[in-house]
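One structure below.
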Amino acid sequence: MKLIIVTGQTATGKTNKALELAEKYNGELINCDSRQIYKGLDIITGKDIPKSVESRWSLVERIDDFDIGFYSLPTTNDQRPACQLARPIPIWLYDIVDPQQHFSSFEYAQCATAVIGDILSRKKTPILVGGTGFYLRHLLTDMAQNKVEPDWNLRAELSLLTLNQLQDKLKKIDKDEYEGLNNSEKNNPQRLIRRIEITSAPKDLQTVKQTNNDNYLANLLGLKSLAFEWRFFFKEREELELLIRNRVQNRLDEGAIDEVKKLLDKGYQENDPGMKTIGYQQLIGVVKGKCDLETAVNEWTVRELQYAKRQKTYLKKLERDLYIDNLSAQ
RNA sequence: AGGUCUGUAGUGAAAUGGUAUCAUCGGGGUCUCCAAAACCCUUGUUCCGAGUUCGAAUCUCGGCAGACCUG
Numbered sequence: 007m008k009l010i011i012v013t014g015q016t017a018t019g020k021t022n023k024a025l026e027l028a029e030k031y032n033g034e035l036i037n038c039d040s041r042q043i044y045k046g047l048d049i050i051t052g053k054d055i056p057k058s059v060e061s062r063w064s065l066v067e068r069i070d071d072f073d074i075g076f077y078s079l080p081t082t083n084d085q086r087p088a089c090q091l092a093r094p095i096p097i098w099l100y101d102i103v104d105p106q107q108h109f110s111s112f113e114y115a116q117c118a119t120a121v122i123g124d125i126l127s128r129k130k131t132p133i134l135v136g137g138t139g140f141y142l143r144h145l146l147t148d149m150a151q152n153k154v155e156p157d158w159n160l161r162a163e164l165s166l167l168t169l170n171q172l173q174d175k176l177k178k179i180d181k182d183e184y185e186g187l188n189n190s191e192k193n194n195p196q197r198l199i200r201r202i203e204i205t206s207a208p209k210d211l212q213t214v215k216q217t218n219n220d221n222y223l224a225n226l227l228g229l230k231s232l233a234f235e236w237r238f239f240f241k242e243r244e245e246l247e248l249l250i251r252n253r254v255q256n257r258l259d260e261g262a263i264d265e266v267k268k269l270l271d272k273g274y275q276e277n278d279p280g281m282k283t284i285g286y287q288q289l290i291g292v293v294k295g296k297c298d299l300e301t302a303v304n305e306w307t308v309r310e311l312q313y314a315k316r317q318k319t320y321l322k323k324l325e326r327d328l329y330i331d332n333l334s335a336q
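Reading the first sequence from the start, the letters are residues 7 to 336 in the working numbering.
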């Protein structure tokens, strides 16, 4: 039994590769992109579903508040003319939550574990596709150091504090914890808030014994073993810039602005979790008349490039941490 | 052609004649429940030439470039 993981930078052709592998290994795709989990964010996040097949979404089960289901990717798609399929291929974990809902890597790991188990039980090959390295790490390794769940009320309260106040607060609760942080974390409000959240939770939730990392996911699924096969996709900046520029233009041509208008009309706001996404942030400015299209497009492109760079840093590190053999050349 | 104003990192700006600064971009990184997020580190600049001065981005002269005004 194996799990294939197709990951890498944005705009580098992961989905096509995943579809190719799905044909070869009788596989089903599982989205691993932290933005495509949101309902209604389709064009700008680049979901690989044609507009005409909304009805093909099939809800299979609900895990907590999350809708778990799949789209059947049709054998041909205008978005990928070069890639024709012999049969429709399912893609799971699109459209899990509403853009107003919070969704974390922990929750992603729960959903993905369930889907992987299901696919394997049907004797098919699960193929993870997506560039969210943190989700992959959470899914494939044991990251549980505590059982402290996000407390959004506490986070909202703490987010009103200044950086210094947050630092002081953490120092007061747990001086060693604060001193142990590196410079980047000490100045990072989000990280400080999480540290405060953990250290002010009941003691019995604060530590958890870790399991053996080697077989973490296999153990969760009750399997003897599960092999991982990795494909990484990276590109040099110059090429990436061209790809991203084209992609941004394509998304505009496909109706990106209308998508943003539709979401705003439905009442979604700039700071809803799903809306804090590259592309949406810039186009909201255009729709609200605060920004001209050219400026927005440039910023959108720059943000995508910066994001792609962070992806490379994170995924390279994941690669080192997990001693991964990369098969992307094959 | 004449006049006025302006030339400072790739870009936008700051600097009573006294260590050229900030933002952004670029490069590198951090991150065990917000990760398309948040944060940390970092390369690089006074249009050219001459002069005044202990010392010039700053003052003077000449050149070059741009913007605007007037025939």
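Glycine included, each C-beta is placed from N, C-alpha and C at the ideal position.
From a predicted model like this one, the values you see are computed outputs, not experimental measurements.
Between L9 and L169, the C-beta gap is not smaller than 7 Å, which leaves the two residues out of contact.
The C-alpha of K181 is placed about 42 Å away from the C-alpha of E235.
Comparing alpha-carbon positions, the option among K323, Y313, V308 lying closest to Q15 turns out to be Y313. F76 places its beta carbon less than 7 Å from that of S64.
Look at T13 here: in three-state DSSP terms it is strand. Taking a contact as a CB-CB distance under 8 Å, the pair M281 and Q275 counts as one, their CB atoms being some 7 Å apart.
For A162, no beta strand (DSSP E) run applies; the uninterrupted alpha helix (DSSP H) run containing it begins and ends at 158 to 164, by DSSP.
Out of P94, I43, I122, Q90, the CA that lies nearest to the CA of H108 is found in I43. Residue environment: P132 is assigned as buried (16 or more neighbouring CB atoms within 10 Å of its CB, all protein chains considered).
Judged by DSSP in its simplified three-state form, T319 adopts helix. For G136, no beta strand (DSSP E) segment is defined, and its DSSP state is neither H nor E. The Cβ atoms of T21 and V103 lie no closer than 7 Å to each other.
Apart from the 5 residues on each side of it in sequence, R257 sits with its Cβ closer than 8 Å to the Cβ of I49, I50, G52, G285 in its chain, given in chain order.
Under the DSSP definition of a beta bridge, L79 partners with I95.
In this structure, the CA atom of K209 is about 42 Å from the CA atom of L269. In the DSSP assignment, R197 falls within the unbroken alpha helix (DSSP H) covering 195 to 205. Here G33 carries a strand assignment [DSSP, helix/strand/coil].
A Cβ-Cβ distance of about 53 Å is found for the pair K175 and N32, leaving them out of contact under the 8 Å criterion. By the C-beta criterion, the segment 187 to 206 is judged to be in contact with the segment 150 to 158, since at least 3 inter-stretch pairs fall below 8 Å. Within the same chain, H108 come within 6 Å of P279 by CB-CB distance, once the 5 residues on both sides are set aside. Counted as a single uninterrupted DSSP element, the stretch harbouring I263 is not any beta strand (DSSP E) but the alpha helix (DSSP H) occupying residues 262 to 271.
In the structure shown, E67 falls within a strand segment according to DSSP collapsed to helix, strand and coil.
Restricting attention to alpha helix (DSSP H) runs no shorter than 4 residues, the segment 286 to 311 encloses them at 286 to 293, ordered along the chain.
Secondary structure of P87 (DSSP, three-state): coil. With a contact defined as Cβ atoms closer than 8 Å, L172 and I199 qualify at about 7 Å. Between A118 and I36, the alpha-carbon positions lie close to 7 Å from each other. Judged by DSSP secondary structure, R237 falls within the beta strand (DSSP E) whose first and last residues are 233 to 239.
Judged by their CB atoms, V293 and V254 are not nearer to each other than the 7 Å cut-off. The C-beta of S40 has 16 or more other C-beta atoms within 10 Å across all chains shown, which makes the residue buried. When only Cα atoms are considered, A162 and N225 end up about 36 Å apart.
Taken through DSSP and simplified to helix, strand or coil, Y44 comes out as strand.
Per the C-alpha coordinates, the member of I97, R316, G291, I95 positioned closest to W306 is G291.
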